[in-house]
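Visitor:
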Amino acid sequence: MTFSAELWDRGAVKVYDEIVRHPFITGLTDGTLSHDAFRYFIVQDSHYLRAYSRALTLVAARATDEAAVSMFARHAADAIEVERELHTGLLAQLGLTPADVDAAGSGPTTTAYMSYLTAVCATGTYAEAVAAVLPCYWIYRDVGKELLARSSPDPVYREWIATYGSEEFDAVVESVLAVTDGLDVGTAERERCHQHFATTTRYEWMFWDAAYRQLEWPV
Numbered sequence: 001m002t003f004s005a006e007l008w009d010r011g012a013v014k015v016y017d018e019i020v021r022h023p024f025i026t027g028l029t030d031g032t033l034s035h036d037a038f039r040y041f042i043v044q045d046s047h048y049l050r051a052y053s054r055a056l057t058l059v060a061a062r063a064t065d066e067a068a069v070s071m072f073a074r075h076a077a078d079a080i081e082v083e084r085e086l087h088t089g090l091l092a093q094l095g096l097t098p099a100d101v102d103a104a105g106s107g108p109t110t111t112a113y114m115s116y117l118t119a120v121c122a123t124g125t126y127a128e129a130v131a132a133v134l135p136c137y138w139i140y141r142d143v144g145k146e147l148l149a150r151s152s153p154d155p156v157y158r159e160w161i162a163t164y165g166s167e168e169f170d171a172v173v174e175s176v177l178a179v180t181d182g183l184d185v186g187t188a189e190r191e192r193c194h195q196h197f198a199t200t201t202r203y204e205w206m207f208w209d210a211a212y213r214q215l216e217w218p219v
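Each residue of the sequence shown is one higher than the one before, starting from 1 at the first, in full-length UniProt numbering.
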């Protein structure tokens, strides 16, 4: 079994099943998800992606070969540029502006997820950092495929689905999985990688759930 398959088997199988059954996801495909919930998601995703880009720069800094350094640095830039372009278009369709995103700030789940990623990528080993950022690549790719197969009657949701279900994004994820499977990981480090992968996979579910419930700070 490859290292990436091992990570998925131990840390993602059950959570992924819960993600694709979540009412946020099913609401996207049948068109019943409220636009308020989707607005919350896009706003929070904008905040998250800024932090994810910084996390990827930390992964790039820890990478042990030039190809991986280049790949993660490129993905860090893409996380800002491509997603910002997508969100700018969606924000307008949803009646929001970039200023609205900044004013809203990051919610409790977003802040927790961003903080955990940053901490692991800043203080963990290269393998731990890769394991921590991997679920965001992998789960979005696979969820995108699920959504693309179902599509949506809502044109805004259909546009978002088409982006994450693209062949280009699939190629990006495969390149990260190849790096993951090429890692030389010791026994203790391997266990920490499993823990990080499982934790950020749970945060992926929590991110969808927070958007569905439009979770705000309690005080």
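Where a beta carbon is used, it is the ideal one built from N, C-alpha and C, also for glycine.
Apart from the five residues just before and just after S151, which ones in its own chain have a Cβ nearer than 8 Å to its Cβ?
Guide: As a position in the sequence shown, residue 151 is number 151, starting the count at 1. Result list for S151: T29, R158, I161, in chain order.
Visitor: So, are the CB atoms of T180 and S4 less than 8 Å apart?
Guide: As a first step, residue 180 must be located in the sequence shown, where it is residue number 180. As a first step, residue 4 must be located in the sequence shown, where it is residue number 4. A contact, by the Cβ cut-off of 8 Å.
Visitor: Counting C-beta neighbours from all protein chains within 10 Å, is the total for M114 16 or more, i.e. buried, or is it exposed?
Guide: For the purposes of this step, residue 114 is taken as the residue at position 114 of the sequence shown. Buried is the call here.
Visitor: Is the stretch 28-42 touching the stretch 52-65 in the sense that three or more CB pairs, one from each, lie closer than 8 Å?
Guide: Flag = no, the stretch 52-65 and the stretch 28-42 do not touch.
Visitor: Any chance the stretch 183-202 sits against the stretch 89-98, with 3 or more Cβ pairs inside 8 Å?
Guide: No, they do not touch.
Visitor: Under 7 Å Cβ to Cβ from D170, same chain only, skipping five residues before and after it: list those, please.
Guide: By 1-based counting over the sequence shown, the position of residue 170 is 170. Excluding sequence neighbours, D170 sits near R141.
Visitor: Buried or exposed: which applies to S106, given that a residue is buried once 16 or more other Cβ atoms fall within 10 Å of its Cβ?
Guide: Taking the first residue of the sequence shown as 1, we reach residue 106 at position 106. With 16 or more Cβ atoms within 10 Å of its Cβ, S106 is classed as buried.
Visitor: Can you tell me whether E128 is buried or exposed, with buried defined as 16 or more other CB within 10 angstroms of its CB?
Guide: If you number the sequence shown from 1, residue 128 lands on position 128. Per the 10 Å Cβ criterion, buried.
Visitor: Taking its Cβ as the centre, do 16 or more other Cβ atoms sit within 10 Å of R21, making it buried, or is it exposed?
Guide: Residue mapping note: residue 21 aligns to position 21 of the sequence shown, counting from 1. Exposed, by the Cβ-count rule.
Visitor: Am I right that A211 and F72 are in contact with their C-beta atoms under 8 Å? What's the rounded C-beta distance?
Guide: The sequence position of residue 211 within the sequence shown is 211, counting from 1. The sequence position of residue 72 within the sequence shown is 72, counting from 1. Between F72 and A211 the Cβ distance is about 27 Å, and since that is not below 8 Å, they are no contact.
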